[in-house]
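In the UniProt record's numbering, the protein residues as written are 1 to 576.
A virtual CB, placed ideally from N, CA and C, is assigned to each residue, including glycine.
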């Protein structure tokens, strides 16, 4: 009887580990998996890593910190599995170690996506802190390729990581082609050349995982090929546009003298203050307070659930001085770097238009996003010196995809807020006279105004019923220099497939006959000056107007998005 019972121990240890994990006890799970591994209930460390990764996914929506604990355990398990093989070992051992390094890299990226900081010294000089997870991931990918030079998934993974478009760590654009492009392109083209060879089979197929596993592996392979082809096409498109804009800038000749630029309507608009409409008279101003000096003080700010201007946060965090954010300094520091630029005929970036202008029936509306193009930062800064009728704006430039380390070092994440788990840092750069129409973000937001001024109108989440949010088809403008915009017709099929939920309200010119409930809203106002930072809780609605203090100056801001600690108000979704 005792011998019969002993045969069940490996299986029982494995099942107990899984059940303990589902219950949310990471330490107990790790202990039971260690027992199962010693008894042969699980095959190897890599199997433990996969199990812990699955448990992390199970817990992520409910408890990010718990999920991060399981992912840290998975990273350790994959690292242990990678030590099971070596370049001098048997081919199977080297392949297993390479696969473990690849999975360790993906796990480090997932930890970065959760805002989990790396420990000191866990992968090199750059590996501590939030960004350190990506340095550790890069190291694992490189070791995987050293062990198995034909590992296609590692070429793809490292290419995506370098571009900032990893499926796991990315909260920016799906495709980018600005950082490490040559190296990433070489990796992706190597993957494409290797892909489809007899040795490149879905892992589940190679390991005998059954018909369902074969199908899942084939789907992953097809998705990877689709993404790779799209990314390589995006690199080609970006390269063509960058060179095209360099030709445009060369054709402009020297910048116009300041006296002529100052007489232009765009230049005057860039420095003119935003005039609030009469219906905003009496709207209270957002409070100002000294920046929190500790995590505990930052928690108190966030838990209050109200927007507040934090004075001194940039200085305390170590932001670069204003002199380093001017056009000359930026051109010298990263003028050859590629940036993503929005182009608008009006200076409004987003907004509804009548559907008939897009080929839809009367009564329909389309939400229009300005076209995007790509150019060197130096060319962009030269373009801003021209009195063009169209507006150019560097918006939503995620710093892990555009400009990278030089600008990240100039705008570090405030350490008091790291507990919120950072997702993304964006650069916003223009010459003023731009408007981001009314919208909300589902992330906690720190908006750091570096130079120039922003005027914001804000509404609490509870005002959602008064702000006329409605689903609209998404419209795309095509742009050509100079000042040529073309609307691409939206079909009924496209209108149903590409829907955006957005407000109908133009805060500057409200139509109170069409939107009478707007008068029941509770607007607030904020003037954000250079060196100040606005904490904006998730789900607060806001319209943003940017201007510059003087002709030739820039309006520069960096915002940080964090995982949301704020929930939508009760009853918000009764409208849907």
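Does the Cβ of residue i have 16 or more other Cβ atoms within 10 Å, making it buried, or fewer, making it exposed?
i           : result
residue 321 : exposed
residue 263 : At residue 263 the pLDDT is 49, less than 50, meaning the model places this residue with poor confidence; the figure from the coordinates comes in the next sentence. Result: exposed.
residue 382 : buried
residue 8   : exposed
residue 413 : buried
residue 125 : Only weak support is given to the placement of residue 125: the predicted model assigns it a pLDDT of 34, under 50, and the value that follows is read from those uncertain coordinates. Exposed, since its Cβ has fewer than 16 Cβ neighbours within 10 Å.
residue 87  : Note that residue 87 scores 42 on pLDDT, short of 50, meaning its location in the model is unreliable; the coordinates nonetheless yield the value given after this. Exposed is the call here.
residue 484 : exposed
residue 282 : exposed
residue 519 : exposed
residue 148 : buried
residue 133 : buried
residue 206 : Residue confidence for residue 206 is low, a pLDDT of 44 falling below 50, so the modelled location carries little weight; the figure read from the coordinates is stated next. Exposed, because fewer than 16 other Cβ atoms sit within 10 Å of the Cβ of residue 206.
residue 562 : buried
residue 238 : buried
residue 198 : Since pLDDT at residue 198 reaches only 46, below the 50 mark, its modelled position is unreliable, and the value read off the structure follows with that caveat. When all chains shown are included, residue 198 counts as exposed.
residue 509 : exposed
residue 290 : exposed
residue 182 : exposed
residue 376 : buried
residue 127 : For residue 127, the pLDDT reaches just 37, beneath the cut-off of 50, and the residue's location in the model is therefore unreliable, leaving the point undetermined.
residue 131 : buried
residue 650 : Within the shown structure, residues of the chain are numbered from 1 to 576, placing residue 650 beyond reach of any answer.
residue 558 : buried
Taking C-alpha atoms, which residue in the options lies nearest to residue i?
i           : options               : result
residue 351 : 367, 109 and 379      : 367
residue 392 : 418, 425, 401 and 433 : 433
residue 450 : 326, 252, 220 and 44  : 326
residue 173 : 473, 398, 506 and 540 : 398
residue 344 : 237, 400, 481 and 248 : 481
residue 24  : 63, 553, 524 and 131  : 63
residue 331 : 33, 233 and 554       : 554
residue 465 : 541, 431, 508 and 411 : 541
residue 328 : 296, 380, 521 and 284 : 380
residue 357 : 488, 496, 196 and 219 : 488
residue 473 : 353, 337 and 461      : 353
residue 338 : 59, 513, 372 and 486  : 372
residue 514 : 386, 301 and 467      : 467
residue 280 : 521, 535 and 558      : 521
residue 44  : 93, 22 and 27         : 93
residue 284 : 220, 219 and 459      : 459
residue 185 : 220, 276 and 230      : 230
residue 523 : 463, 152, 478 and 192 : 463
residue 144 : 83, 189 and 227       : 83
residue 117 : 166, 493 and 69       : 69
residue 12  : 28, 32, 224 and 496   : 32
Looking at residue j and residue i, is the spacing between their C-beta atoms short of 7 Å?
i           : j           : result
residue 395 : residue 342 : yes
residue 453 : residue 314 : no
residue 81  : residue 107 : no
residue 179 : residue 404 : yes
residue 662 : residue 138 : There is no way to answer for residue 662, as the model of the chain reaches only from 1 to 576.
residue 41  : residue 10  : yes
residue 104 : residue 140 : yes
residue 46  : residue 79  : no
residue 456 : residue 544 : yes
residue 490 : residue 363 : no
residue 36  : residue 14  : yes
residue 565 : residue 302 : yes
residue 194 : residue 159 : no
residue 469 : residue 539 : no
residue 425 : residue 560 : yes
Which runs of the alpha helix (DSSP H) at least 4 residues long sit entirely within the stretch 288-344? Give them in chain order. 295-304, 313-317 and 327-334
Report the start-end ranges of each beta strand (DSSP E) in the stretch 386-417 that is 3 residues or longer and not cut off at the edges. 391-398
Pick out the complete beta strand (DSSP E) segments inside the stretch 460-485, 3 residues or longer, and give them in chain order. If we require 3 residues or more, the beta strand (DSSP E) runs fully inside the stretch 460-485 come out as 469-480.
Is it a yes or a no for the stretch 408-422 touching the stretch 487-503, going by three-plus beta-carbon pairs under 8 Å? no
Tell me, please, whether the stretch 15-23 touches the stretch 51-71 by the rule of three or more beta-carbon pairs shorter than 8 Å. yes
Unbroken stretches of the beta strand (DSSP E), 3 residues or longer, contained in the stretch 492-576: 499-503, 524-528, 532-536, 541-547 and 555-562
What runs of the alpha helix (DSSP H), each 4 residues or longer, lie entirely inside the stretch 39-76? 45-59
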